[in-house]
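Q:
There are 2 protein chains.
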Amino acid sequence: MSQITESGDVPDDHPTTGETRPTIARDRLIAAAVESFAAKGFHGTTTRDIASAAGMSPAALYVHYKSKEELLYLISRSGHDVTLRLVREGAASSDDPVEQLLAVVREFTMHHARSHTSARVVNYELAALNPEHYREISAVRRAIGQEIRQIVEAGVAGGVFHTSNPRMSALALLSLGVDVARWYREEGEWSDEDIADHYCELALRIVGAHGQATS
Amino acid sequence: MSQITESGDVPDDHPTTGETRPTIARDRLIAAAVESFAAKGFHGTTTRDIASAAGMSPAALYVHYKSKEELLYLISRSGHDVTLRLVREGAASSDDPVEQLLAVVREFTMHHARSHTSARVVNYELAALNPEHYREISAVRRAIGQEIRQIVEAGVAGGVFHTSNPRMSALALLSLGVDVARWYREEGEWSDEDIADHYCELALRIVGAHGQATS
DNA sequence: GCAGGCTGACTAAGCGCTTGCTTATCGCTA
DNA sequence: TAGCGATAAGCAAGCGCTTAGTCAGCCTGC
Numbered sequence: 266m267s268q269i270t271e272s273g274d275v276p277d278d279h280p281t282t283g284e285t286r287p288t289i290a291r292d293r294l295i296a297a298a299v300e301s302f303a304a305k306g307f308h309g310t311t312t313r314d315i316a317s318a319a320g321m322s323p324a325a326l327y328v329h330y331k332s333k334e335e336l337l338y339l340i341s342r343s344g345h346d347v348t349l350r351l352v353r354e355g356a357a358s359s360d361d362p363v364e365q366l367l368a369v370v371r372e373f374t375m376h377h378a379r380s381h382t383s384a385r386v387v388n389y390e391l392a393a394l395n396p397e398h399y400r401e402i403s404a405v406r407r408a409i410g411q412e413i414r415q416i417v418e419a420g421v422a423g424g425v426f427h428t429s430n431p432r433m434s435a436l437a438l439l440s441l442g443v444d445v446a447r448w449y450r451e452e453g454e455w456s457d458e459d460i461a462d463h464y465c466e467l468a469l470r471i472v473g474a475h476g477q478a479t480s
Numbered sequence: 266m267s268q269i270t271e272s273g274d275v276p277d278d279h280p281t282t283g284e285t286r287p288t289i290a291r292d293r294l295i296a297a298a299v300e301s302f303a304a305k306g307f308h309g310t311t312t313r314d315i316a317s318a319a320g321m322s323p324a325a326l327y328v329h330y331k332s333k334e335e336l337l338y339l340i341s342r343s344g345h346d347v348t349l350r351l352v353r354e355g356a357a358s359s360d361d362p363v364e365q366l367l368a369v370v371r372e373f374t375m376h377h378a379r380s381h382t383s384a385r386v387v388n389y390e391l392a393a394l395n396p397e398h399y400r401e402i403s404a405v406r407r408a409i410g411q412e413i414r415q416i417v418e419a420g421v422a423g424g425v426f427h428t429s430n431p432r433m434s435a436l437a438l439l440s441l442g443v444d445v446a447r448w449y450r451e452e453g454e455w456s457d458e459d460i461a462d463h464y465c466e467l468a469l470r471i472v473g474a475h476g477q478a479t480s
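First to last, the sequence lines map onto chains A and B. Quick note, the working numbering runs 265 ahead of the 1-based positions in the first sequence. Quick note, the working numbering runs 265 ahead of the 1-based positions in the second sequence.
Shown next, in the form of structure tokens:
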């Protein structure tokens, strides 16, 4: 599956492998759709916007994709898969809830800053998905939330985290990370690492991990 | 100026006062636009959606408003004014940064939960405003951010808050509150007051207000 | 020589907004 | 109090344009 990248660069395809080999044109269209959906929203974007940003005629889009909605679905699916994987890897990186939390918050925050353009599409264009796709994506979102909740609950059960409402604290952590995609600006004063550093500190405070080192 | 309310109820107009008296029809159209913009986005909403939700013909919309964008602007402007006022009232409610922070976070959070429908339009449809309106709204948003930043910086200067990056902590507080509008569900397990209570606790932790009572 | 990428020209449907007209409400005059 | 002109709200119809998506045919690399 071709990776959706923030910049315009497109990975080379493998001309001899697989039956559904991603072409350069496919990736160009996806990249153009991400940019346009992020800037103007799904309904504010026309198929001509996407095609011409990819350097093609309007009809070329339909050689590679069934519909405009399919583009959104593929972007959304891929983005959610990346996020779920990144959260699971963070959770699996240690047995210590503190280390797990720091790994997840760091990767989650960095991802939503670095890939803020695609993350905006992924998080704010869900309503434009068709009902079937929406249900599928919602399941991935629930899984992401569950991973974070489990870390917080394990920390509370183990006596290293102290919060009166672990579920709401977990939701706040998720919320804080997602919203980075909304406000982050490339030309802003903070790098993605600056933000990740500070958000790790905030995460420890939110879950009430007293006197913990900041990794 | 007629108040934009979350539910469908419309305040009576005053048939003998003022030259620009808001009519019931005007308010019905605004309420319908809020619902529709929140559910489907500005570009996903047609003028026919709005008119028929308000029980009118498509043409009736243009008796009361210049364009679909004017509706969005009025909703956005009114929503931002309410938020700025609420933040300023919280800041003016005390001289103690801790009390100021708690007042602002409580009101801000409650508002974004209670009025989540209009808050979604206000926070997530900015890109659909025309450039002039966008600039105007951006100024209000900057003022809102500034109020919160000042409280955090005053607390740090006074030695009651402890955070390595007051500006980013202030942004995180704002971010957390705004994002409530995205995830809040009426049928969810928490009331707006439950969320406000917990978010007050989180706010104290985020700014590092040690051993403070949770009001 | 042909499969697949791609295009220009096209369609049906839907868009924001306008037009021409009817109806309701009002203060004012006879 | 009846009748009148003015004003504004509202509607049916539709204009000019844009939209997502289609299709027949043309290139190009294998």
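Where a beta carbon is used, it is the ideal one built from N, C-alpha and C, also for glycine.
Which of the three DSSP states is assigned to A319(A) in this structure?
A: Stepping through the first sequence from its first residue, residue 319(A) is reached at position 54. Note: A319(A) maps to coil in three-state DSSP.
Q: Would you call the stretch 330-342 of chain A in contact with the stretch 352-368 of chain A, where contact means no fewer than 3 C-beta pairs closer than 8 Å?
A: The stretch 330-342 of chain A is not in contact with the stretch 352-368 of chain A.
Q: Counting only Cβ pairs nearer than 8 Å, list the residues of chain B close to V405(A).
A: Residue numbering aside, residue 405(A) sits at position 140 when the first sequence is read from its first letter. The premise fails here: V405(A) is roughly 16 Å from chain B at the closest Cβ pair, so nothing lies under 8 Å.
Q: Using the three-state DSSP reduction, which class does R379(A) fall into: helix, strand or coil?
A: Reading the first sequence from its first residue, position 114 is the one you call residue 379(A). Helix at R379(A).
Q: State the DSSP-derived secondary structure class of S358(B), mapped to helix, strand or coil.
A: Reading the second sequence from its first residue, position 93 is the one you call residue 358(B). Of the three classes helix, strand and coil, the one that applies to S358(B) here is coil, per DSSP.
Q: Find out if the Cβ-Cβ distance for the pair T374(B), G420(B) is shorter than 7 Å.
A: Looking up residue 374(B) in the second sequence gives position 109. Looking up residue 420(B) in the second sequence gives position 155. Going by C-beta atoms, T374(B) is not nearer than 7 Å to G420(B).
Q: Would you verify that the beta carbon of P287(B) is, or is not, closer than 7 Å to some beta carbon of chain A?
A: Along the second sequence, read from residue 1 onward, the residue named residue 287(B) stands at position 22. Unreliable placement is indicated for P287(B), whose pLDDT of 46 sits below 50; the coordinate value is still reported in the next sentence. So, not an interface residue.
Q: Is G306(A) close to chain B, meaning its C-beta is less than 7 Å from at least one C-beta of that chain?
A: Here the question's residue 306(A) lines up with position 41 in the first sequence. It does; some Cβ of chain B falls within 7 Å.
Q: Could you work out which residues of chain B lie near S440(A), taking near to mean beta carbons separated by less than 7 Å?
A: Walking along the first sequence from the start, residue 440(A) turns up at place 175. Residues of chain B passing the Cβ test: L441, D444 and W448.
Q: Using the C-alpha atoms, what's the distance from A319(A) back to P287(A)?
A: In the first sequence, residue 287(A) corresponds to position 22, counting from 1. In the first sequence, residue 319(A) corresponds to position 54, counting from 1. Interpretation of P287(A) is limited by its pLDDT of 45, a score under 50 that renders its predicted location unreliable; the figure taken from the coordinates is listed afterwards. If you take the alpha carbons of P287(A) and A319(A), they lie about 15 Å apart.
Q: With a 10 Å radius around its C-beta and 16 neighbouring C-beta atoms as the bar for buried, classify P431(B) as buried or exposed.
A: Your numbering for residue 431(B) matches position 166 in the second sequence. Under this definition P431(B) is a buried residue.
Q: So which residues of chain A does N218(B) contact, with C-beta pairs closer than 7 Å?
A: Any question about residue 218(B) goes unanswered here, given that chain B covers just 266 to 480.
Q: Let me see if you follow: with CB-CB separation under 7 Å, is M375(A) close to chain B or not?
A: Working through the first sequence from its first residue, we reach residue 375(A) at position 110. False, the Cβ-Cβ gap to chain B never drops below 7 Å.
Q: Since A303(B) and V405(B) should fall inside the 8 Å C-beta cutoff, what is the C-beta to C-beta distance between them, to a whole number of angstroms?
A: Within the second sequence, numbered from 1, the residue matching residue 303(B) stands at position 38. Within the second sequence, numbered from 1, the residue matching residue 405(B) stands at position 140. Not quite, the Cβ-Cβ distance comes to about 20 Å (not below 8 Å), so this is no contact.
Q: Say whether chain B places a C-beta atom closer than 7 Å to the C-beta of I340(A).
A: What you label residue 340(A) is simply residue 75 of the first sequence in a count that begins at 1. No, I340(A) does not count as interfacial toward chain B.
Q: Could you tell me the distance, in whole angstroms, from the CA atom of V472(B) to the CA atom of I295(B)?
A: Locating residue 472(B) in the second sequence gives position 207, counting from the first residue. Locating residue 295(B) in the second sequence gives position 30, counting from the first residue. Roughly 38 Å between the two C-alpha positions.
Q: Please tell me whether, using a cut-off of 6 Å, the distance from the CB of R432(B) to the nearest non-hydrogen atom of the ligand FMN is below it.
A: As for the ligand FMN, it is missing from this structure, which has no ligand bound.
Q: Can you tell me which of the three DSSP states R385(A) falls into?
A: On the first sequence, residue 385(A) is found 120 positions in, with the first residue counted as 1. Three-state DSSP puts R385(A) in a helix.
Q: Let's see if you can read the secondary structure: which residues bound the alpha helix (DSSP H) around H463(B)?
A: For the purposes of this step, residue 463(B) is taken as the residue at position 198 of the second sequence. First-last of the alpha helix (DSSP H) with H463(B): D457 to V472.
Q: Let me know if V328(B) comes out buried or exposed under the rule of 16 or more other beta-carbons within 10 Å of its beta-carbon.
A: As a first step, residue 328(B) must be located in the second sequence, where it is residue number 63. So V328(B) counts as exposed.
Q: Taking S301(A) as part of the alpha helix (DSSP H), name the residues at either end of that continuous run.
A: Along the first sequence, read from residue 1 onward, the residue named residue 301(A) stands at position 36. Taken as a continuous stretch (DSSP letters only), the alpha helix (DSSP H) holding S301(A) covers I289 to K305.
Q: So with CB distances below 7 Å, who are the chain A contacts of Y389(B)?
A: As a first step, residue 389(B) must be located in the second sequence, where it is residue number 124. Within 7 Å Cβ-Cβ: Y389.
Q: Just the chain B side, please: which residues come within less than 9 Å of L394(A) by C-beta, in chain order?
A: Against the first sequence, residue 394(A) aligns to sequence position 129. Per Cβ cutoff of 9 Å: no residues; L394(A) is ~12 Å from chain B at best.
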